[in-house]
Structures are given as structure tokens and as C-alpha cells.
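Contents: one structure, followed by commentary.
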Amino acid sequence: MANKNYYDILGVSKKATSDEIKSAYRKLAKQYHPDFHPGDKVAAEKFKEINEANAILSDEQKRKQYDYELEHPGMGGGNPFGGGFGGGMGGFEDIINSMFGGGFGGGHFGGEQRKPNRGADIEQTVYLSFLDAIKGCTKEISYNRNEPCSACRGTGAKGGTSFKVCTCCGGSGRIKYTQDTIFGRTIQVGVCPDCGGSGRQVIDKCPDCKGKGFLRKETRFTVKIPAGVDKDSSLRKRGFGQAAGNGGEAGDLYIYFRIEPHKLLKREDRDLYVTVPISYRTAVQGGKVLVPGVEDAIELNIPECTASGTRFCIRGKGVKTVNGTGNLYVTVEIDVPAKLTREQLKRLGDYESAVPLRSCENMQKYANNMSAIYGKKIDKQ
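Numbered by this note's numbering, the letters in the sequence shown go through residues 1 to 381 in order.
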């Protein structure tokens with residue numbers, strides 16, 4: 001019964017994950033969509049076949065039954081998974097709905113014109129600097145797309161009115177056909193290959209777009225990037241995707257962001273993080289250091305006897321978003337000199353000899369634990 005290999009149709013292996021199936025389907029659906037191949041019966045058949053394969057493989061129960069039929073050809077209706085489709089057309093309507101956007105009710109075959117197809121969406125990547133993403137900015141977007149023809153209002157017909165009812169589908173935009181599947185012979189419904197689902201045929205083609213309904217043009221506009229966008233953020237601009245080619249609604253433009261890293265700051269949601277090196281003297285005596293902020297450098301007070309690795313929080317100096325403002329977290333690390341003179345080393349030795357072990361809390365704890373474990377007294381480390 002499994003007379004079609006849906007895995008081969010989508011170009012995936014039998015062990016493909018649901019995400020891999022979804023990705024393959026989306027790629028092929030865009031490639032063979034009727035909007036890009038008006039009047040092409042081969043592309044229309046391929047598009048129908050791709051949708052059928054996706055409807056089976058993207059449903060866990062149907063995929064299990066299909067896999068069973070692949071491994072046990074000729075088993076007929078022996079469904080070990082509970083008969084997910086029922087009898088006759090029961091259960092199969094969801095495949096048709098997912099393929100063609102509607103069921104059998106509502107007079108789809110009684111001459112009522114189907115809603116024109118919608119144009120494909122476009123994805124565009126915008127590169128932002130770290131601070132531009134935080135503070136917001138404006139960017140010019142430029143890309144090529146199929147733009148609806150203004151002369152025919154995207155219909156492909158001269159003056160936008162030169163039509164006749166499609167003789168293939170009778171104006172419904174859909175056709176019925178029977179097909180043998182793994183579930184037996186079924187009646188299916190698909191987009192009319194002659195009119196692309198619009199229910200009408202062009203009498204006189206538009207001289208500007210030659211009947212396509214769109215012209216290939218460069219689209220250029222300026223978009224305002226709101227403050228606080230992150231790598232997972234996106235913007236949608238309605239109607240700036242591909243033209244439908246039959247008078248239908250144009251698709252949308254989705255803008256995704258790729259944010260360049262900062263030389264010092266790191267971001268996690270609304271909070272910012274930075275590691276600042278400080279001298280041994282500043283760690284012991286205390287002092288002030290400058291840390292990077294969104295608008296300007298910020299002065300941070302380092303208290304006396306600050307240990308390396310201590311983290312400070314500067315509230316309200318993180319990323320401002322509509323959901324609130326984050327904090328800036330500063331971690332200080334003592335920067336050890338790469339080289340000292342003999343005199344400097346001698347002075348450092350004199351200093352350490354004068355400092356009792358008990359005044360260094362972490363060293364004292366370490367010495368006590370070593371003594372308890374190994375029975376060795378540690379005075380200096």
C-alpha cells in the first residue's frame with residue numbers, strides 16, 4: 001500500500017527528527033509554491049505531493065502507521081496504532097485542511113471563489129553593534145523582492161479587470177481528484193493548477209508585468225530599531241514580503257538581528273556583566289575604578305581589603321526594556337604584576353612577614369583545614 005516514499009519526497013532519512021522534516025518541508029514548499037510557478041502543472045503536482053508527505057510525517061501517529069506500512073507492504077488495513085483515520089474520509093480531512101487551508105463545508109465546490117493565495121514571507125538579517133541594540137537606532141533596509149504591479153494591482157490582468165471564470169475549476173479555485181494512498185483510495189482537493197487558486201483566468205495580460213502580477217524591484221526603507229533588542233528579537237513589517245502574483249495579499253518581512261560582541265561588556269537578558277582588573281594596592285587600600293556603562297563610564301568605589309573575584313551590583317545600569325531595566329554586575333580581579341625588581345620583591349617579602357596569618361581569612365581557613373587533614377601546621381603559604 002505504501003506506494004510513495006514520503007521520506008524521499010522531502011529528501012530526509014527515515015530517522016529524521018520532526019525539526020528536520022519541518023525544515024525540509026518549508027524549503028521545498030517555498031521552492032514549488034504555485035505563486036512562483038503560475039500555470040505550471042508539474043510544480044503544482046510537486047507542491048501537492050510535498051504537502052501530502054509533510055501531513056503524514058509531521059504527525060506522530062500517522063508517521064508510525066506509515067512506517068509500519070513501509071516495513072509490511074500489502075498488509076491492507078492492519079493498523080497496529082488504533083486506526084487514526086477512521087473509515088471513509090473520516091480523519092483524512094485534517095490532511096486536506098493542512099494542505100489547502102479548508103475543509104469540505106462552506107460551498108467550496110459550488111462555484112464560490114477561493115480566497116487568493118498569500119505571498120511568501122521574506123527574512124532579512126540586520127547587523128547591530130552591541131550598544132545600538134541596547135540603546136535603539138534606525139537602520140536602512142534594502143533587499144530585492146517581487147513587488148505587486150501597480151498597473152494591474154497585482155492581478156496580472158490588464159487594468160486589473162480583464163478576467164474570466166476559470167474553465168478548469170469553474171471559479172472555485174480548487175479541483176477534486178482521487179488518489180491511491182496507503183489508506184486506500186481517497187478523494188482529495190487541491191489548488192487549481194490553471195488559475196493558481198484564484199478562480200479566474202486572465203483574458204488580457206498586463207503589459208507592465210506580462211501577466212505575472214508582480215515586478216522584481218529593490219525595496220528600500222528606514223526602520224526604527226527599539227531599545228533593548230536581543231539576538232532572539234525580531235520585527236515584522238506587514239505586506240513587505242513577496243507579492244502573491246494573483247491579486248492576493250503580499251507576504252510579510254521578518255527582520256532578525258545579529259548583534260556584534262562588545263569588547264568589555266557581556267549581556268544576559270536585561271543584565272550586563274563586566275570583569276575589571278584592579279591593582280593589589282587598590283584591593284588592599286580601596287579606591288575608585290572606572291567601569292564601562294551604556295551611556296558613559298561609571299565610577300565604582302572599591303572598599304578596603306576586597307578579595308579577587310568579588311562581584312558588585314550597580315542597580316539600574318543594565319539594559320532598559322519595556323519590561324524593566326536590568327543591573328550592571330562588576331567582578332574585580334587582582335592583576336598580578338608580570339615582573340618585579342629585586343627591591344620590590346624584598347619589600348613585598350617584608351610586608352608579608354609583617355602580616356599575621358590570622359588577618360587573611362581565606363588563608364587561615366585553608367591552613368586550618370590542611371592541619372586537620374594532614375596534621376601539619378601551616379604558618380605561611
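Even for Gly, the Cβ is constructed at its ideal location relative to N, Cα and C.
Open item on the list: Checking the sheet assignment: what are the DSSP bridge partners for C137?
Closed with: I225
Open item on the list: Please classify N362 as buried or exposed, where buried requires at least 16 neighbouring CB atoms within 10 angstroms.
Closed with: exposed
Task: G309 versus T17 - alpha carbon distance - done: 44 Å
Open item on the list: At the level of alpha carbons, what is the spacing between Q124 and Y366?
Closed with: 56 Å
- [ ] Consult DSSP for N117 and reduce its assignment to one of helix, strand or coil.
- [x] coil
TODO: Check whether the stretch 254 to 268 touches the stretch 296 to 304, taking contact to mean three or more Cβ pairs, one atom from each stretch, closer than 8 Å.
DONE: no
Open item on the list: On the DSSP bridge list, what partners appear for C313?
Closed with: Y329
Task: Option in F47, D230, D296 and V289 with minimal Cα separation from G382 - done: The chain is shown from 1 up to 381; residue 382 falls before or after that span and cannot be answered.
Open item on the list: My output table needs one value for F240: the three-state DSSP class, helix, strand or coil.
Closed with: coil
Open item on the list: For R267 and S234, what's the separation of their Cα atoms in angstroms?
Closed with: 18 Å
Open item on the list: Let me confirm a value: D464 is counted as buried when at least 16 other C-beta atoms fall within 10 Å, else exposed. Which label applies?
Closed with: With the chain running from 1 to 381 in the structure shown, residue 464 is simply not present.
Open item on the list: Let me confirm a value: G159 is counted as buried when at least 16 other C-beta atoms fall within 10 Å, else exposed. Which label applies?
Closed with: exposed
Task: As assigned by DSSP and simplified to three states, the class of L131 - done: helix
- [ ] Determine the closest residue to E69 out of Q285, G287, K4 and G251, with distance taken between C-alpha atoms.
- [x] K4
Task: Backbone CA spacing between R238 and G251 [nearest angstrom] - done: 7 Å
Open item on the list: In whole angstroms, give me the CA-to-CA distance for I50 and R200.
Closed with: 25 Å
Task: Pairwise C-alpha distance: E333 and V289 - done: 12 Å
Open item on the list: By the three-class DSSP mapping on this structure, what secondary structure does K22 have?
Closed with: helix
Task: Whole-angstrom distance between I298 and D59, CA atom to CA atom - done: 55 Å
Task: For N323 and A24, the rounded distance between their alpha carbons - done: 36 Å
Task: Whole-angstrom distance between F312 and R386, CA atom to CA atom - done: Residue coverage of the chain in this structure runs from 1 to 381, which leaves residue 386 outside it and unanswerable.
Open item on the list: Taking the straight line between their C-alpha atoms, what separation do you get for K30 and A120?
Closed with: 7 Å
Task: Segment contact flag, the stretch 187 to 200 with the stretch 161 to 174, C-beta cutoff 8 Å, min 3 pairs - done: yes
Open item on the list: For a test of the three-state rule: what should DSSP assign to V42, helix, strand or coil?
Closed with: helix
- [ ] Return helix, strand or coil for I95, following the three-state DSSP convention.
- [x] Because I95 carries a pLDDT of 33, less than 50, the predicted location of this residue cannot be relied on, and the following value inherits that uncertainty. DSSP places I95 in helix when its eight states are reduced to three.
- [ ] Helix, strand or coil for D271, going by three-state DSSP, please let me know.
- [x] strand
- [ ] Could you tell me the distance, in whole angstroms, from the CA atom of K22 to the CA atom of R118?
- [x] 20 Å
Task: Endpoints, the beta strand (DSSP E) within which E71 is located - done: Here E71 belongs to no beta strand (DSSP E); instead the alpha helix (DSSP H) covers E60 to E71.
Task: Alpha carbon of Y143 to alpha carbon of R315, nearest angstrom - done: 41 Å
- [ ] Classify L348 as helix, strand or coil using the three-state DSSP reduction.
- [x] helix
Task: Inter-residue spacing [alpha-carbon to alpha-carbon] between T331 and P277 - done: 9 Å
Task: Where the alpha helix (DSSP H) containing I298 begins and where it ends - done: Not the alpha helix (DSSP H): I298 falls in the beta strand (DSSP E), residues I298 to I302.
Open item on the list: I'd like to check one pair, G211 with G154: are the Cβ atoms closer than 7 Å?
Closed with: no
Task: Residues that G324 bridges to, as DSSP identifies them - done: T321
TODO: Below 6 Å CB to CB, which residues in the same chain sit around A53 once its five sequence neighbours on both sides are set aside?
DONE: Y6, I9 and L10
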